[in-house]
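In the UniProt record's numbering, the protein residues as written are 1 to 657.
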């Protein structure tokens, strides 16, 4: 069965039509291979093929790269040899069945021996031009095959790189768990347990430190925005990739108080006023009483106030998204309009009046998402909300009360104000009231200078309204960010965590397609395809009914080809100096591809005159073969022919010795 299949294959390969189609297919496959690799490189899909490295693998190991190069070289060698074999076989068949000069046949055949021989044949065309187009085509074909040995091994390389794999990472949410403080009596000033009281005071203690920092360089805090912080596990590889986390941006909008007036001050029988009671009117005409502010003497000092601050419910939720800010500094909006100061008496009997700036403010928040770098744990700066660059005066109107089921972290703001730490800086001569840490944060952000503790005088400063709003927004964000920072080991029970996805780099070996090698190989493959078509297609000079047998010009094939051409032997044999150019010049006559039946030598198995020829047999050297005939027994020696029986010319070859 196998033998029949092989015989059928050999028979098919011996057919010119089958070989020609095979040559087209082989060259077309080479072009298609380069096109496919080019498409993979342009997409690029080869990067998806990776080989992960274990911790024990050496990234500098080049075994795989060497194996790829060797494989490419072996493929180029074997495939190039196959292309040359098929093309040469067909080209020589076409050569030996076409009408052309003997020198042209010689030059074309020599060109197929190798690149060196092809180059010599091409140079020889400069002296005697016999088949310049075909010699040039064969030379170019062999050069292109050689070039494939350089382009094919370099098309695919292996390099060590990193591929990001999706992994989960724990994040600490920026929004702490404040539900227990919001939905129980623990959030009121009277009933707040010591644990929550410590939380609020501890958070305020970080504000002076935060005021000195760059607002964009702390993980979880970016200007007026707080966001979740990634907490990678120990041993987890770090990368410069980003992951999407939750964020909350705070904003404060302040307005002027209409019809602001003094209602009273306390105590009235003391040398110094402790606090003042004010009132103002909302845009809808409603009068608001009960605004209590402290007396302060130093310039550029400030403090917070809220409604009903003297009652037991001063810190209850749902009333904490609106507050007041007052101080001994001037405020101007972007249009250059100054905020009118309220003149307040300093003492009952006598004393210099106090010019106070009072504004009403509302607190807002908006939730969004930002990308955070998994290595630095900082938010992408471009995604953080920008601060305000301008603001104009509008009448202040507080936000409405929030439904019980919609309470959020903003509703703890007044509680945070009431429980902040205080500095040693006194707001009055009696030193009853001190500058709070929140006010100290604002003065640092606004660049306001306070008098020294020795009582040195500083001038009253001016701030823009948008600068004041930006500083308040950053204060709110910094304070709520500090809640998580002081919650060491979750001692206050407010930490919330979540799990998000991130990209972790892993070392891998991956394929890389070389663009130059691919497109160079594509051009070479197209050139080979075109030259193959020119070399193997039938020539116009092909002789009709020519015997299509020979596909080589070895010594035996040459002897057989010239078996009935004594004129050729005579013409070439007359050359006295058998050098290349002399022989090529003698061979510049047309050869007809007429291939007739073979003749035989009488002494090695030819039949006599009128007898049926006996087929030639290849015998080992030195053996004898006898033949019975009419003339008796005749012995044939194959070891050596008698020199006397050697024919003097081709015409005498069949004569008796």
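Using N, Cα and C, we set each Cβ at its ideal position, and we do this for glycine too.
Skipping 5 residues on each side, what residues in its chain have a beta carbon closer than 6 Å to that of residue i?
i           : result
residue 200 : 416, 419
residue 69  : 153
residue 661 : The structure shown does not extend to residue 661, since the chain is modelled only from 1 through 657, so no value can be given for it.
residue 336 : none
residue 458 : 299, 449, 451
residue 320 : 411, 413, 414
residue 240 : 375
residue 52  : 508
residue 160 : 59, 509
Between the C-alpha atoms of residue i and residue j, what's the straight-line distance to the nearest angstrom?
i           : j           : result
residue 662 : residue 110 : Residue 662 lies beyond the residue range present for the chain, which begins at 1 and ends at 657; the question has no answer from this structure.
residue 486 : residue 495 : 11 Å
residue 463 : residue 217 : 26 Å
residue 178 : residue 56  : 48 Å
residue 618 : residue 114 : Note on residue 618: pLDDT 35, under 50, position unreliable in the model; the coordinate value appears next. Roughly 31 Å separates the two Cα atoms.
residue 565 : residue 592 : 10 Å
residue 147 : residue 524 : 8 Å
residue 251 : residue 300 : 23 Å
residue 225 : residue 205 : 20 Å
residue 232 : residue 505 : 13 Å
residue 563 : residue 555 : 12 Å
residue 203 : residue 441 : 13 Å
residue 438 : residue 476 : 9 Å
residue 534 : residue 75  : 25 Å
residue 323 : residue 274 : 20 Å
residue 454 : residue 293 : Caution is warranted here: a pLDDT of 47 is assigned to residue 454, below 50, making its placement in the model unreliable, and the coordinate value is therefore given only provisionally. Using only the alpha carbons, I get a separation of about 25 Å.
residue 39  : residue 213 : 52 Å
residue 2   : residue 79  : 25 Å
residue 22  : residue 125 : 31 Å
residue 352 : residue 432 : 19 Å
residue 444 : residue 54  : 53 Å
residue 136 : residue 72  : 28 Å
residue 671 : residue 521 : Any question about residue 671 goes unanswered here, given that the chain covers just 1 to 657.
residue 341 : residue 332 : 11 Å
Relative to the alpha-carbon of residue i, which residue among the options has its alpha-carbon at the smallest distance?
i           : options            : result
residue 222 : 384, 293, 256      : 384
residue 197 : 421, 361, 355, 508 : 421
residue 436 : 54, 80, 207        : 207
residue 287 : 275, 259, 267, 277 : 259
residue 536 : 53, 84, 75, 382    : 84
residue 516 : 80, 405, 157, 50   : 157
residue 470 : 62, 139, 249       : 249
residue 164 : 48, 134, 576       : 48
residue 429 : 271, 150, 133      : 271
residue 168 : 116, 112, 289, 242 : 242
residue 278 : 356, 483, 334      : 356
residue 139 : 584, 149, 116      : 116
Leaving out the 5 sequence neighbours to the left and right, which residues in its chain are closer than 7 Å to residue i when beta-carbon positions are compared?
i           : result
residue 587 : 101, 102, 103, 106, 572
residue 227 : 174, 220, 245, 246, 247, 370, 372, 379
residue 19  : 13, 86, 89, 90
residue 82  : 26
residue 5   : none
residue 480 : 226, 409
residue 529 : 27, 28, 31
Sorry if obvious, but does the Cβ on residue i come closer than 6 Å to a heavy atom of the ligand GTP?
i           : result
residue 450 : Summarising the ligand content, the structure contains no ligands, and the ligand GTP is consequently not present.
I'd like to know whether the C-beta atoms of residue i and residue j end up nearer to each other than 7 Å.
i           : j           : result
residue 478 : residue 229 : no
residue 363 : residue 413 : yes
residue 365 : residue 410 : yes
residue 64  : residue 509 : yes
residue 172 : residue 376 : no
residue 127 : residue 581 : yes
residue 396 : residue 344 : no
residue 268 : residue 339 : no
residue 46  : residue 513 : yes
residue 37  : residue 518 : yes
residue 182 : residue 407 : yes
In its own chain, which residues sit with a C-beta less than 8 Å from the C-beta of residue i, not counting the 5 before and 5 after it?
i           : result
residue 553 : 92, 96, 105, 109, 561
residue 589 : 101, 102, 571
residue 354 : 295, 296, 297, 328, 343, 344, 345, 346
residue 434 : 422, 423, 424, 425, 426, 427
(request) Please determine if the segment 482 to 491 and the segment 136 to 147 are in contact, where contact requires at least 3 C-beta pairs separated by less than 8 Å. (result) no
(message) Under 8 Å, with one C-beta from each stretch per pair, do the segment 25 to 37 and the segment 118 to 125 reach the 3-pair mark?
(response) no
(message) If contact is defined by three or more beta carbon pairs under 8 Å, each pair taking one atom from either stretch, is the segment 463 to 476 in contact with the segment 389 to 405?
(response) yes
(message) Quick test of the definition: if touching needs 3 or more C-beta pairs under 8 Å, does the segment 497 to 505 touch the segment 277 to 285?
(response) no
(message) Quick test of the definition: if touching needs 3 or more C-beta pairs under 8 Å, does the segment 262 to 276 touch the segment 393 to 403?
(response) no
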